[in-house]
Amino acid sequence: NILKTIMLKLVSFLLLLPAVSSFSAPTTVAPPPPKVVLSPLPTLHVYDHCPFCVRVRLAFGYKSIKHNINFLANDDIPTPTALVGKKIAPIYQFQQDDLVMAESMDIIKLVDSDTRFGQTDCILPASDRTDIKAWQKSVQVLLRTLQRPRYVATGLLPEFQTLDARHAFIKGHQLPPYEKPEWKEGDMSMDLKLKLYAEAMASDPSSLVAELNEKLKELDDMVHCENCCSGGGFSYDDIDLWARLRSITIVKGVVWPKKLRAYMDNLSARGDVPLYDEMAL
Numbered sequence: 002n003i004l005k006t007i008m009l010k011l012v013s014f015l016l017l018l019p020a021v022s023s024f025s026a027p028t029t030v031a032p033p034p035p036k037v038v039l040s041p042l043p044t045l046h047v048y049d050h051c052p053f054c055v056r057v058r059l060a061f062g063y064k065s066i067k068h069n070i071n072f073l074a075n076d077d078i079p080t081p082t083a084l085v086g087k088k089i090a091p092i093y094q095f096q097q098d099d100l101v102m103a104e105s106m107d108i109i110k111l112v113d114s115d116t117r118f119g120q121t122d123c124i125l126p127a128s129d130r131t132d133i134k135a136w137q138k139s140v141q142v143l144l145r146t147l148q149r150p151r152y153v154a155t156g157l158l159p160e161f162q163t164l165d166a167r168h169a170f171i172k173g174h175q176l177p178p179y180e181k182p183e184w185k186e187g188d189m190s191m192d193l194k195l196k197l198y199a200e201a202m203a204s205d206p207s208s209l210v211a212e213l214n215e216k217l218k219e220l221d222d223m224v225h226c227e228n229c230c231s232g233g234g235f236s237y238d239d240i241d242l243w244a245r246l247r248s249i250t251i252v253k254g255v256v257w258p259k260k261l262r263a264y265m266d267n268l269s270a271r272g273d274v275p276l277y278d279e280m281a282l
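Each residue of the sequence shown is one higher than the one before, counting from 2 in the numbering used here.
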């Protein structure tokens with residue numbers, strides 16, 4: 002009975018915490034603005050793993066906009082097609098304005114310019130960080146190799162809850178060294194694609210993880226502070242960078258530099274978007 006009481010108190014305590022997956026760094030980010038609660042609530046139709054979807058979720062969380070999240074199954078074509086004419090995410094739906102729209106940055110800019118959603122222009126303009134863009138390009142192949150097999154292998158992401166949904170992702174998302182046209186438009190069989198994904202998960206990732214750890218050290222030097230990647234404050238630079246970095250937390254064994262880890266944790270808390278640490282493979 003004593004143990005049960007302790008566990009109940011612990012669970013109650015955790016339910017009151019922001020959705021962060023690690024307590025390795027203190028949350029020093031500025032407190033959020035007052036909660037914006039409109040009726041009806043806006044809805045975001047998203048995939049959990051998708052960095053473009055994460056951009057919008059981060060912005061809504063940063064602005065404290067209460068919203069509904071509808072996680073689309075990865076093989077669900079009818080729902081997004083009925084909303085915007087094709088299979089795409091994120092999709093922003095706001096019944097109050099009879100509005101449905103796609104394109105992550107357009108959604109964010111629209112909401113951040115609307116006084117109904119709190120203070121306007123609270124997300125600073127992008128600063129055209131060519132160094133960060135170059136870094137992102139330098140790890141593109143590495144991250145595809147590590148992340149894509151793990152998205153479907155966990156069996157936990159909401160868009161991949163069925164075998165058909167996982168197969169739909171594998172069918173459309175190439176693994177290096179293959180390029181998209183060869184993977185999607187060539188004569189590669191589904192059996193071969195499944196085999197390549199299985200082999201990627203079964204292989205020893207230690208050398209790739211070690212390479213990624215070194216790349217994160219490089220990025221740590223580029224990040225301005227624990228709360229924003231560029232000087233001046235939270236900006237569209239963070240909207241893009243943090244959304245892309247989040248998926249790295251699905252890779253087990255990654256060693257985050259101190260400042261960069263704090264950056265991930267702080268914006269996870271402020272944006273109310275959880276990381277993947279607890280399900281890392």
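Where a beta carbon is used, it is the ideal one built from N, C-alpha and C, also for glycine.
- Following the DSSP letters along the chain, one finds Leu100 inside the beta strand (DSSP E) bounded by residues Leu100 to Ala103.
- Unbroken alpha helix (DSSP H) runs of no fewer than 4 residues, entirely contained in the segment 246-272, are found at 259-272, following chain order.
- In the three-state scheme derived from DSSP, where H, G and I count as helix and E and B as strand, Tyr277 is classed as coil.
- Taking C-beta atoms as the reference points, Tyr48 and Asn69 fail to come closer than 8 Å.
- One alpha carbon belongs to Leu197, the other to Gln141, and they sit about 18 Å apart.
- Taking the CA atoms as reference points, Ile66 sits about 18 Å from Ala103.
- Assigned with DSSP and collapsed to three states, Val85 falls in helix.
- The three-state reading of DSSP puts Thr44 in strand, counting E and B together.
- C-alpha of Ala244 to C-alpha of Ala263: approximately 15 Å in a straight line.
- Around the C-beta of Gly232, fewer than 16 other C-beta atoms lie within 10 Å, and the residue is accordingly described as exposed.
- Going by beta carbons, Asp221 and Arg130 fall outside the 8 Å limit.
- By the Cβ criterion, the segment 85-104 is in contact with the segment 41-60, since at least three pairs of Cβ atoms, one from each stretch, lie closer than 8 Å.
- Phe161 and Pro33 have their C-alpha atoms some 32 Å from each other.
- Pro206 sits close to Leu147, with the two beta carbons spaced by under 8 Å.
- The count of Cβ pairs closer than 8 Å, one atom from the segment 149-159 and one from the segment 131-140, stays below three, leaving the stretches out of contact.
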